[in-house]
Structure formats: C-alpha cells, structure tokens
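Peer 1: To start, I am sharing the structure in question, which I have written as structure tokens.
Number of protein chains: 2
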Amino acid sequence: MATSFYQKLTEHFKSIYHLQHLQAIVGWDQATQMPAGGNEARSNALSELAITIHQAYKLSALDEWFDCAAEESLDIPQQQSLTEMRHQWQQATMLPAELVRAKSIAGNRCEHAWREQRRNNNWEGFKPLLKEVVTLSREEANIRASMTGMLPYDALLDQYEPEMTQQRLDQLFLPMNQWLPELISEVQAHQKSWQRLKPGHYDAAAQKRVGLKIMEYLGFDFNHGRLDVSVHPFCGGVAEDVRITTRYESDDFSRSLMGIVHETGHARYEQNLPQQWRTLPVGQARSMGIHESQSLFFEMQLAKQPSFLQQILPWLREELVPELSLTQLCQHYLKVEPSYIRIDADEVTYPAHILLRYQIERDLISGAIEVDDIPQMWDELMQKYLGLSTAGNYRDGCMQDIHWTDGSFGYFPSYTLGAMYAAQFMASMQKTVNIENAIQGGDLTPISTWLSDNIWSKGSLLTTDELVRQATGETLNPQYFREHLRNRYLN
Amino acid sequence: MATSFYQKLTEHFKSIYHLQHLQAIVGWDQATQMPAGGNEARSNALSELAITIHQAYKLSALDEWFDCAAEESLDIPQQQSLTEMRHQWQQATMLPAELVRAKSIAGNRCEHAWREQRRNNNWEGFKPLLKEVVTLSREEANIRASMTGMLPYDALLDQYEPEMTQQRLDQLFLPMNQWLPELISEVQAHQKSWQRLKPGHYDAAAQKRVGLKIMEYLGFDFNHGRLDVSVHPFCGGVAEDVRITTRYESDDFSRSLMGIVHETGHARYEQNLPQQWRTLPVGQARSMGIHESQSLFFEMQLAKQPSFLQQILPWLREELVPELSLTQLCQHYLKVEPSYIRIDADEVTYPAHILLRYQIERDLISGAIEVDDIPQMWDELMQKYLGLSTAGNYRDGCMQDIHWTDGSFGYFPSYTLGAMYAAQFMASMQKTVNIENAIQGGDLTPISTWLSDNIWSKGSLLTTDELVRQATGETLNPQYFREHLRNRYLN
Ligand SMILES: [Zn+2]
Ligand SMILES: [Zn+2]
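Chains Z and Y, in that order, are what the protein sequence lines are.
First residue of the first sequence: 370, per this note's numbering; consecutive thereafter.
First residue of the second sequence: 370, per this note's numbering; consecutive thereafter.
Written as structure tokens, this is what we have:
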C-alpha cells in the first residue's frame with residue numbers, strides 16, 4: 370500500500386520533532402551548565418540548527434502534501450492533527466526570510482543593549498532600538514494579517530493563543546480596570562496587620578531538598594525530568610525529559626519554592642501530554658495560556674491554599690525555619706501589595722501589570738500610539754491601577770521586561786489568560802473532586818487525574834474553546850477568576 | 370569576487386562543525402544528566418541528527434567542489450585543510466548506506482546483549498552476535514580497502530590513525546612480546562615489598578574538591594569546560610566547552626583522581642587546538658593516538674612522577690587521608706601487577722593487553738582466525754605475556770571490552786601508540802624544559818608551552834609523522850617508551 374500524504378506529513382513532522390529535541394536540550398544546557406566561554410560556539414551551533422529546522426519546514430513538497438492529505442479520509446483526531454501541522458507549518462514559514470533576519474538582528478541588538486540600559490535607567494538610549502523593533506513587529510503583524518485574514522494584533526496573538534483576538538481580550542481584560550483597583554484597596558485594608566517574612570539566611574542545598582520533596586508531592590516524574598539552577602527559572606527540555614529550573618536566594622526561600630511549584634505545573638502538563646501523539650504538533654501543549662493555567666493551577670489554586678501550606682510546613686520547619694507558623698506562611702504568600710515589578714507581583718496585583726501591558730502593546734501595534742508615548746501611558750495606568758507613579762523611573766517601569774526587546778508582542782496576555790483558565794478549572798474540578806481531602810490526605814491523585822483527563826491528555830486534539838468547554842461546561846468566563854480572588858482575599 | 374571552491378567547502382564544513390557541536394553536547398547530557406526515561410526520545414533525536422550530518426556529507430556538489438578546489442592556488446595550510454576535509458568526507462561517505470545500517474543494527478544488538486552476557490560469562494550466547502559483527506566489519510574493511518587502495522586492516526586503522534599500518538604496528542608492537550614479560554617480572558621482583566593503599570571510605574564531594582584543584586594546577590580552562598560524573602569517564606563536549614567526567618568510588622579515591630588527570634590531558638589538547646582553524650577538520654586533533662599521548666603525558670609522564678605526587682599530597686591529606694605518606698602514594702600509583710582487566714592495568718602491563726588485542730583483531734580481519742578461535746588465542750597470549758590463564762573465564766577475558774561489540778576494530782592500538790608518543794615527547798621536552806623545576810615550583814607553564822607549541826597548536830596542520838618529527842627530531846621510535854619504563858620502574 371502506498372504511503373498516504375498524511376503519513377508522509379507525520380514522518381516529516383517527526384523528524385522536526387527530533388531536531389527540536391536537540392534545540393530544547395542544548396538550550397537548557399546553555400542556561401544551566403555551559404561555562405561562559407562556550408557561548409559563541411553554542412550560539413553558532415544553535416543558529417545552524419535553527420536553519421536546519423527552518424529548511425525542514427520549507428521543504429517544497431509540503432505544499433502538495435498538505436493539499437493532498439486534506440482530500441484523504443482521515444478520522445477526527447487525524448483531521449485535528451493535520452490542522453495543527455498546517456498551523457505550525459504556516460507559523461514557521463509565513464514571514465519572508467529578510468524580515469525574520471532583520472527582526473532577529475534588531476531584537477538581539479535591542480535586548481543586548483537593554484541589559485545595560487535598564488540598569489542605567491537610560492530610556493533615551495533604549496528608545497531608538499525599541500523603535501526599530503516596533504517598526505519591524507508592525508511589519509510582521511501586517512504580513513501575518515494579510516496571510517491569515519486576521520487583524521494585525523490578532524495575527525501576533527495567534528502564535529501563542531490560537532483563536533484569541535483583541536476583541537475577546539478587550540471583553541475579558543478591560544472590565545478589570547473597574548473592579549481590580551477597588552479589590553486591591555479592599556484587600557489591603559483587610560490585610561492591614563499582615564506581615565511578610567523577614568529576610569533570613571537559607572542554605573541552597575536545604576532549599577533544594579524541600580523543593581524536591583514538594584515536586585514529589587506534586588507528582589513530578591523524576592524518571593522523565595530533573596531540577597536544576599538557572600538565572601531565569603524556566604520549564605524546558607522535552608516532554609520525555611522535562612528540565613525545570615530555579616534560583617536559590619540566600620535570604621529568601623519562598624520565591625524559589627513557589628517557583629518550583631509553578632514550573633512543576635508546567636512540567637506535569639508536558640510529562641502527561643498524549644503519548645500516542647507525542648511526535649506531532651497535535652500532541653503538544655494547547656497554547657501558552659493553557660500552559661500557564663497549569664503552572665498557575667499548581668501555584669495559585671493549590672499551593673497557596675492554607676491546607677497545602679499546612680502540608681509543606683513540617684518540611685520547611687525541618688530544613689529552613691524551625692519556628693515557622695502556618696499563619697506566618699499564609700500571610701507571607703497571600704499578602705497583597707502594589708509594586709512596580711511584574712515578576713514580583715502577588716496574585717491580585719499581577720493582572721493589573723498585564724492589563725496595562727496589553728493596552729500598550731495593542732495600541733503600539735495598531736499605530737494608535739508610538740514608542741515615545743509609552744512612558745506616559747505606563748505611568749498613567751500604573752497610577753490608575755496600582756497607585757504608583759513611574760514618571761522618570763523607566764527601569765522599574767516600561768523597561769523592566771525582556772518581552773518587547775525582541776518583539777514578542779502578543780505574549781503578555783497569556784499570563785492572565787492562564788490565571789483565568791486556572792480559576793475556571795478549579796471551579797469545575799470542585800464539583801467532582803474533594804480537593805481539601807486530597808491535599809490533607811497527602812495524595813493529590815484525584816486532582817492530577819482530573820487535570821490529566823481534562824487538559825493534559827488532550828494535547829491539541831481540541832481547540833482551546835472546545836477544551837475549556839468540555840472541561841468546564843463553558844468557554845473562558847472571567848467571572849471565575851474574579852470570584853476566586855474575592856473568595857480567597859476578602860474572607 | 371566570486372567565492373572560491375575552497376571557501377565553499379570551508380563554509381560547508383563549518384555547518385557540519387556546528388551540527389557536531391550539538392551531537393557532542395547532547396551526547397554528554399545523555400551520559401551525565403539525562404534521567405533514564407528520556408533515553409528513547411534522546412536516541413531518536415540523535416539518530417535524526419546523525420542523518421542530518423550524513424546528508425550534509427552527501428551533498429552532491431561536494432564532488433565538484435573538491436575537484437575544483439584542488440586546482441585553486443592555496444597556501445600550505447589551506448592545502449592541508451583541503452586534505453583533511455577530503456579525508457573526513459571520504460571517511461563519512463565511503464560505505465554504502467545498507468552496510469552502515471546493517472553494521473549499526475548488528476553492533477547495537479551485540480553490544481546490548483553483551484552487557485548481560487558478560488555478567489553471565491556467556492560466551493556461547495555472545496559468539497553468534499559477535500560473528501555477525503565480524504562478518505560485517507570484514508566487509509567494511511574490504512570496501513574501505515578497495516576505496517583507498519590500502520590493505521583491509523590498514524583501512525580500518527585509517528579512521529583512527531591516518532597513515533598507520535599493520536606493517537608499522539608489527540614493527541612497533543611485536544618486539545614487546547620479547548622484552549615486556551621479562552620487564553614485568555623484573556619490576557615485580559623489584560617491588561616485592563610494595564603495597565597498594567587499603568580501601569577506605571571517601572566522600573565524593575571531597576574527592577571532587579581535590580580533583581578540581583588538580584585540574585586547576587594542570588591548567589584546565591574552566592571558562593571553556595567543566596567536570597561532571599558519568600558511569601564511564603570520558604572527555605567530551607567541544608573544543609570551546611570541553612566536558613570531562615569521572616566516577617567517584619566510595620572506597621578508593623585514587624582511580625577517580627588519576628582519571629581526572631587523564632581526561633584533563635585530553636581536555637587541554639582540545640582547549641588549545643588552533644583557534645584560527647577551529648571550525649575545520651584541519652583544526653581538530655591529529656589522531657586518536659596523539660590524543661591519547663596527551664592524556665597519558667599528563668597521567669603517566671607527569672602525574673606519576675614522585676615530585677608531582679609530592680605536590681598534590683597536601684591536598685589529599687587535607688581532604689581524604691590525613692596520614693598519607695609520599696611513599697604510600699608512590700607505591701600505590703606505581704605498583705605493577707599483572708591482572709585480567711585492561712582498564713585496571715598499570716602502566717607496565719597495559720601494553721601487554723593491547724598487544725594481544727592487536728594480534729587478535731589483525732588476524733580476525735585478515736581471516737587468519739575466526740571468532741571461535743578468540744578464547745584460546747586470548748588465553749595463550751595472556752599466559753605468555755602476563756602469566757594468567759583466562760581459560761573458561763570469558764568475562765575477564767575476551768568479553769571484557771566494549772570495542773569489538775560494535776565493530777570498532779583498529780581502535781585498540783591507539784592506546785599504546787599514545788603511551789609511546791608520550792614517552793618520546795617527554796624525552797624531547799627534557800632537552801629544553803626543566804620539568805622537575807616546573808613541577809616543584811607549582812607552575813607547569815613551561816610544560817604546557819612546549820605541548821602547545823609542538824602539539825596542541827598544530828591541530829591537523831601536519832601529518833602525524835611530520836608532527837612527531839618536528840617535535841622530537843624523528844618519527845615514532847618505540848625505544849623511548851621502553852626506556853621510560855626501565856628508568857621509572859627499575860631504578
Ligand atoms: Zn509559567
Ligand atoms: Zn584517554
């Protein structure tokens with residue numbers, strides 16, 4: 370029997386999957402193991418690999434294979450698999466090579482300069498570099514738009530959140546500018562007497578031992594993954610071998626610990642993607658927002674529950690703070706306080722940081738504002754949402770994130786979409802799973818099973834909306850997130 | 370100006386170099402970091418990469434580029450660079466794809482079964498698998514011979530030791546069967562009262578601290594490399610980022626320590642290959658024998674000198690054995706004792722292990738003997754050289770090594786060639802460098818400088834014979850090795 374075109378495609382995408390494996394492991398090595406002197410050779414090797422992978426996507430026969438496969442009789446999962454292959458292929462080949470190169474050069478230049486310029490609060494130096502990136506990103510958005518029939522910003526979103534649009538994001542996010550500042554004030558009043566833990570001195574090895582215990586409790590599969598150290602924590606590697614990282618701070622154990630919980634959420638999703646579809650796009654994670662929903666489910670929905678903190682308290686006492694009380698730990702992890710820096714923000718103020726970035730990047734791509742307008746808009750929105758001014762303080766304002774420096778516009782919304790999905794999943798899970806029982810019993814299997822059945826095992830076999838609808842009975846409804854915050858922080 | 374064909378070739382080989390970088394780092398990860406569950410996906414990814422690299426060698430234009438480049442006006446280093454590119458290209462493309470695949474399958478099967486069969490001393494089970502590998506290796510040798518005009522065994526040697534031949538090896542190695550057994554007996558008589566250290570209990574972290582100190586003393590560049598742990602120690606990674614490994618044994622610090630010295634020798638060669646030619650075959654190590662000469666120079670010529678052991682003694686006392694004396698350490702490291710296992714052999718008996726393997730594999734490839742004859746020949750030669758019988762003891766006899774299981778015939782001679790080169794380099798270095806002074810002064814720079822000037826910086830810019838002649842005034846002369854052993858062990 371002749372090989373079908375669908376089979377030819379799956380073989381080809383399997384080869385690409387294997388090459389991406391190398392990319393993931395070598396990238397992980399670069400962040401965790403590589404001595405500094407190896408960086409130039411490593412960058413060259415990774416560029417060569419990127420070219421090799423790009424060439425695989427550019428295989429001229431693919432056009433015909435996709436057309437012919439669409440005529441073949443395929444079952445439903447195969448049809449979705451074909452859709453996902455085509456989406457990945459289009460994403461990888463949509464832009465002209467010159468634009469990709471120009472954007473990569475401008476992005477590298479801007480990101481490189483930014484590291485120093487941010488330290489020096491040097492907005493004037495940074496501005497022309499960012500302008501170049503924005504110009505190229507607008508060009509990119511327009512090309513993506515014309516290729517897909519989407520609006521420009523939607524076409525950027527499509528890389529991270531297929532089917533998400535500016536129109537939906539406006540509906541999902543903009544109402545927050547009404548209720549969120551108010552909620553933050555209420556919570557602050559409610560928590561007036563609360564205190565965070567004072568800095569101490571904590572051994573990295575002890576922090577790691579506690580982290581490993583928590584990973585085990587959360588079901589991380591150490592036969593298919595590991596925990597290491599990197600400057601910027603991430604979840605990398607491949608589904609068969611997930612590499613999560615953290616950074617141990619000597620004066621604060623709490624960030625690393627909750628970071629490990631967060632990355633473990635990402636990791637469990639990866640480790641439990643559908644085996645049968647592993648080497649194909651349809652077997653991969655649904656979207657960045659769904660990915661973040663899993664890390665935030667573990668971090669926010671599970672680990673910040675007092676009952677969960679109660680479970681890990683003995684390990685913290687044994688290894689790190691002998692006198693630690695549950696009240697101290699809860700207040701530390703649940704204390705809400707407006708601050709300048711997104712990555713340090715608590716669960717309640719975090720969406721404000723995203724909301725303002727969303728509004729700015731949306732208007733930047735549409736041309737409604739220019740790079741010169743960013744600091745003022747940033748300052749206004751920070752004052753409005755969090756009561757903090759960033760006038761003249763670029764370092765802790767619009768220069769704090771790496772995302773825009775290399776033109777990753779459309780990414781920021783995923784963080785808050787993830788928080789919203791996570792809250793909705795929890796609301797649904799609670800109907801059939803006794804979550805407190807599972808946590809207090811020290812066996813999270815019922816929770817994992819729900820996530821595995823409803824999210825992890827689905828890979829990209831369903832659209833995001835359909836995934837969420839099957840799991841929760843409706844598509845994304847931001848009400849659950851709002852209710853979660855009110856329930857947790859005002860009771 | 371049009372790109373020359375030589376330039377086209379260098380660009381193409383640079384791409385291959387970058388892909389080989391990935392191979393080296395991902396291979397290192399597999400041996401040192403990867404959890405067991407990641408192995409299947411890793412093997413698939415590495416196969417895909419091997420295919421990608423093979424396709425790069427098979428680029429159809431290369432034929433023409435090599436022909437045209439040979440007509441271009443090139444300076445001497447470029448001519449040698451062209452020679453080395455052509456050699457690497459021919460090595461990579463000489464065999465028909467079916468033979469490569471058949472050999473890979475038979476090799477994997479034999480190697481895999483061997484791990485269990487060796488444990489069970491199961492020669493009868495192993496024999497048919499090895500026969501298959503030998504049959505395919507003979508076929509390989511014949512094809513390589515017909516493609517190169519060499520004799521079959523020489524064509525296998527050519528992969529590891531370009532220009533080395535069976536005829537030269539007979540001249541270099543066979544005389545040892547006269548003088549070596551005699552020397553071993555004399556040394557044993559001389560060392561009658563010597564004792565090795567008794568097993569103790571040694572912390573891995575402490576062993577590592579001493580190992581790192583010694584690496585630093587030996588000039589290892591930690592900006593371009595690292596030390597890790599693997600089951601089978603090796604020197605891997607890339608010249609810009611050399612990854613050496615060791616294995617800490619809890620009852621014996623001495624093996625790991627000397628292993629680190631050995632791998633550091635390999636590493637310094639890699640780290641100091643000519644920068645200018647780094648991405649091309651001509652910038653790579655000259656041969657396996659020259660590589661081994663550098664590790665053995667560090668291990669045997671330097672580190673087993675009493676003056677060197679005197680230097681590291683304080684670190685050993687501080688971290689591992691407070692009461693250790695120099696005499697104990699010297700006797701431990703220099704004690705000569707015939708034994709069954711090659712990798713445990715001392716400096717004097719080691720060549721006997723190689724000599725017997727060389728004779729067997731040479732005759733196996735020529736067809737003078739068959740797989741069935743190996744155990745008897747092994748037993749006879751072991752008795753003759755080391756006075757030990759392996760009759761019925763396959764595990765500690767002809768089944769002890771991995772090399773033949775995947776058909777790496779022609780590799781074993783490199784070990785003793787390396788020892789011979791190292792002795793000759795030392796004899797030559799002593800004419801201009803005060804080695805004892807350098808060791809006792811704690812600054813090995815004069816030694817490194819000699820090695821860098823004469824060996825490391827040459828890459829493959831000279832043939833092996835020319836490299837050795839320029840460094841020592843003559844081509845390989847086994848007399849230096851014999852004299853080194855007599856001087857060291859009978860004085
Ligand atoms: Zn995350
Ligand atoms: Zn070696």
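Every residue, glycine too, gets a C-beta built ideally from N, C-alpha and C.
If you count every other CB in all the chains shown that lies within 10 Å of the CB of L505 of chain Z, and 16 or more means buried, which is it?
Peer 2: buried
Peer 1: Under the assumption that L665 of chain Z contacts G828 of chain Z (Cβ atoms under 8 Å), give the Cβ distance between them as a whole number of angstroms.
Peer 2: Between G828 of chain Z and L665 of chain Z the Cβ distance is about 19 Å, and since that is not below 8 Å, they are no contact.
Peer 1: Can you pull the chain Y neighbours of R595 of chain Z, defined as C-beta to C-beta under 8 Å?
Peer 2: Near R595 of chain Z (Cβ distances below 8 Å), the residues of chain Y are Q402 and P404.
Peer 1: On the three-state DSSP scale, how would you describe R595 of chain Z?
Peer 2: Here R595 of chain Z carries a strand assignment [DSSP, helix/strand/coil].
Peer 1: What does a CB cutoff of less than 6 Å around H722 of chain Y pick up in its chain, not counting 5 residues either side in sequence?
Peer 2: Contacts found: R711 and A714.
Peer 1: With C-beta atoms as the reference, is H631 of chain Y less than 9 Å away from F667 of chain Y?
Peer 2: yes
Peer 1: Counting only Cβ-Cβ distances shorter than 7 Å, please list the residues of the stretch 383-396 of chain Y near chain Z, keeping chain order.
Peer 2: S384, H387, L388, H390, L391, I394 and V395
Peer 1: Along chain Y, which residues have their Cβ under 9 Å away from the Cβ of V607 of chain Z?
Peer 2: G407, A410, R411 and A414
Peer 1: Any residues in the stretch 568-595 of chain Z with a beta carbon nearer than 9 Å to a beta carbon of chain Y? Which ones, in chain order?
Peer 2: D590, F591, N592, H593, G594 and R595
Peer 1: Just how far apart, CA to CA, sit M795 of chain Z and L538 of chain Z?
Peer 2: 21 Å
Peer 1: Compute the minimum distance between the beta carbon of H601 of chain Y and the heavy atoms of ligand 2, and state whether it is under 8 Å.
Peer 2: For H601 of chain Y, the distance from the CB to the nearest heavy atom of ligand 2 is not below 8 Å.
Peer 1: What distance in whole Å lies between the Cβ atoms of L724 of chain Y and L698 of chain Y, which are believed to be in contact at a cut-off of 8 Å?
Peer 2: Actually they are not in contact, since the Cβ atoms of L698 of chain Y and L724 of chain Y sit about 29 Å apart, beyond 8 Å.
Peer 1: Would you please verify whether the beta carbon of R484 of chain Y is less than 9 Å from any beta carbon of chain Z?
Peer 2: no
Peer 1: Just the Cα atoms here: how many angstroms apart are L831 of chain Z and Q449 of chain Z?
Peer 2: 7 Å
Peer 1: Using three-state DSSP, classify E618 of chain Z as helix, strand or coil.
Peer 2: strand
Peer 1: Does the beta carbon of S664 of chain Z fall short of 8 Å from some heavy atom of ligand 3?
Peer 2: Ligands displayed in this structure: ligand 1 and ligand 2; ligand 3 is not among them.
Peer 1: Should G898 of chain Y and P707 of chain Y be called a contact, given that it needs their Cβ atoms to be closer than 9 Å?
Peer 2: There is no way to answer for residue 898 of chain Y, as the model of chain Y reaches only from 370 to 860.
Peer 1: When DSSP labels each residue in this structure, what does D713 of chain Y get in the three-state scheme?
Peer 2: helix
Peer 1: Taking the CB atoms as reference points, tell me whether A792 of chain Z and Q670 of chain Z lie closer together than 9 Å.
Peer 2: yes
Peer 1: Closest to I553 of chain Z by CA distance: which of Z:N856, Z:Y754, Z:E852 and Z:N806 is it?
Peer 2: Z:Y754
Peer 1: In this structure, does DSSP put I394 of chain Y in helix, strand or coil?
Peer 2: helix
Peer 1: Got a sec: does ligand 1 put a non-hydrogen atom nearer than 8 Å to the Cβ of H631 of chain Z?
Peer 2: yes
Peer 1: Would you give the residue range spanned by the alpha helix (DSSP H) that C437 of chain Y belongs to?
Peer 2: L431 to A438
Peer 1: How would you list, in chain order, the residues of chain Z whose beta-carbon sits under 8 Å from the beta-carbon of T421 of chain Y?
Peer 2: L388 and T421
Peer 1: By the criterion of Cβ-Cβ separation under 7 Å, what are the contact partners of E417 of chain Y in chain Z?
Peer 2: S384, H387 and L388
Peer 1: Exposed or buried, what is Q564 of chain Z when buried is set at 16 or more other beta-carbons lying within 10 Å of its beta-carbon?
Peer 2: exposed
Peer 1: Could you pull the start and end residues of the beta strand (DSSP E) that V607 of chain Z belongs to?
Peer 2: Per DSSP, V607 of chain Z belongs to the beta strand (DSSP E) from C604 to V607.
Peer 1: Opposite R612 of chain Z in the DSSP bridges: which residues?
Peer 2: Answer by DSSP bridge pairing, in chain order: Z:R595 and Z:G605.
Peer 1: Under 8 Å between beta-carbons, which chain Z residues line up against D610 of chain Y? List them in chain order, please.
Peer 2: Near D610 of chain Y (Cβ distances below 8 Å), the residues of chain Z are M403, P404, G406, G407, A410 and R411.
Peer 1: Applying a beta-carbon distance threshold of less than 7 Å, which residues of chain Y neighbour D398 of chain Z?
Peer 2: I394 and D398
Peer 1: Can you round the beta-carbon distance between E532 of chain Z and L786 of chain Z to whole angstroms, since I take them to be within the 8 Å contact cut?
Peer 2: Contact flag wrong, Cβ pair sits at about 11 Å.
Peer 1: Mind pulling the alpha helix (DSSP H) runs of 4 or more residues that sit fully within the stretch 530-558 of chain Y?
Peer 2: 535-542
Peer 1: Between which residues of its own chain and Y375 of chain Y is the CB-CB distance below 7 Å, once the five residues before and five after are set aside?
Peer 2: A438, E441, L443, Q447 and L451
Peer 1: What are the boundary residues of the alpha helix (DSSP H) that includes F677 of chain Y?
Peer 2: P675 to E688
Peer 1: Alpha carbon to alpha carbon, how far is G605 of chain Y from I385 of chain Y? Give it in angstroms, no decimals.
Peer 2: 17 Å
Peer 1: Take Q457 of chain Y and list the residues in its own chain whose beta-carbon comes closer than 7 Å to its own, dropping the five residues that flank it on each side.
Peer 2: P650
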